[in-house]
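Everything below concerns the one structure shown next.
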Amino acid sequence: MDERVSHTLVHPDRFSDFLADLGNSQVAVPVLAGVLAYVAWRARHSGADRWWLPPTAAALLMALVPALIIPLKELTARHGTPAMPPGIGYYPSGHTATAAVAYGSATLLLFPWLRTAYARRELLIGCAAVNVGVGFGLIRCGYHWPLDVVASWCLCAVLLSSLWLFLGRMTPDDEPE
Numbered sequence: 155m156d157e158r159v160s161h162t163l164v165h166p167d168r169f170s171d172f173l174a175d176l177g178n179s180q181v182a183v184p185v186l187a188g189v190l191a192y193v194a195w196r197a198r199h200s201g202a203d204r205w206w207l208p209p210t211a212a213a214l215l216m217a218l219v220p221a222l223i224i225p226l227k228e229l230t231a232r233h234g235t236p237a238m239p240p241g242i243g244y245y246p247s248g249h250t251a252t253a254a255v256a257y258g259s260a261t262l263l264l265f266p267w268l269r270t271a272y273a274r275r276e277l278l279i280g281c282a283a284v285n286v287g288v289g290f291g292l293i294r295c296g297y298h299w300p301l302d303v304v305a306s307w308c309l310c311a312v313l314l315s316s317l318w319l320f321l322g323r324m325t326p327d328d329e330p331e
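Start counting at 1 in the sequence shown, then tack on 154, and there's your number in my numbering.
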């Protein structure tokens, strides 16, 4: 199934390459770092106790991504698509995981600071659109099989759910006003 879907979708173009590049650590991690700094600054200036905890948790989660993905790549030893050089280590997609955790963590950290449901919904839609775009770009350019991308999304759903639960357990004194 992966081969049929991939064969149908692989048609590299500049826009797909741009979307795939949004999953590079050189792009996604600085976005997260900016949000970490902003949230830490806002929380500290609002007088929140343990203002440093949410940004630190998100940063640790981002650091956990390669610690999980690299051993999984070694363990599965899956070959890449025909568009890629011969080799193994394509499953799960590291770019997809990087994008999902970086943009997902940034979204979760920003949620308490957004005043309206509309702003939260738009941020969530934007995060989902970027992550779907990264996955589409990786598949469209032939960098990954579709299931490589889906596997990373599944793993990151667990990671981001853990962060969401952790952030939800914070006491009212820790939250922004």
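We treat Cβ as the ideally placed atom computed from N, Cα and C, and that holds for glycine.
Cβ pair residue i, residue j closer than 8 Å
i: P209; j: L226; result: no
i: A260; j: V304; result: no
i: A182; j: T252; result: yes
i: L173; j: F265; result: no
i: L317; j: L215; result: yes
i: E193; j: W307; result: Here the sequence assigns Val to residue 193, which means Glu is not the residue at that position. For V193 and W307, no; Cβs fall outside 8 Å.
i: A212; j: L229; result: no
i: L176; j: V286; result: no
i: L262; j: L314; result: yes
i: G296; j: M238; result: yes
Exposure of residue i, with buried meaning 16 or more beta-carbon neighbours within 10 Å
i: R294; result: buried
i: V255; result: buried
i: E331; result: Its pLDDT being 47, under 50, E331 is placed unreliably by the model, and the measurement read from it follows with that caveat. Flag for E331 reads exposed.
i: G241; result: exposed
i: Y272; result: exposed
Which of helix, strand or coil DSSP assigns to residue i
i: D327; result: Unreliable positioning characterises D327 in this predicted model, as indicated by a pLDDT of 49, which lies under 50. The coordinate reading is nonetheless provided below. In the structure shown, D327 sits in a helix (DSSP, three-state: H, G or I).
i: H165; result: coil
i: H298; result: coil
i: G322; result: helix
i: S200; result: coil
i: S315; result: helix
i: R275; result: helix
i: G188; result: helix
i: N285; result: helix
i: G248; result: helix
Close beta carbons around residue i, own chain, < 7 Å, minus the five adjacent residues each side
i: W206; result: A194
i: R274; result: F265 and L268
i: V312; result: none
Sequence-distant residues of the same chain with beta carbon closer than 8 Å to residue i, five excluded per side
i: P326; result: Low confidence applies here, because P326 scores a pLDDT of 47, under 50, leaving its location unreliable; read the following figure in that light. Counting only Cβ-Cβ distances below 8 Å, and skipping sequence neighbours, we find nothing.
i: F320; result: A211
i: S170; result: F290, G291, R294 and C295
Per DSSP, cross-strand counterpart(s) of residue i
i: I242; result: H233
Proximal residues to residue i (C-beta, below 6 Å), its chain only, five neighbours per side dropped
i: D302; result: Y244, Y245, P246 and S247
i: R198; result: W205
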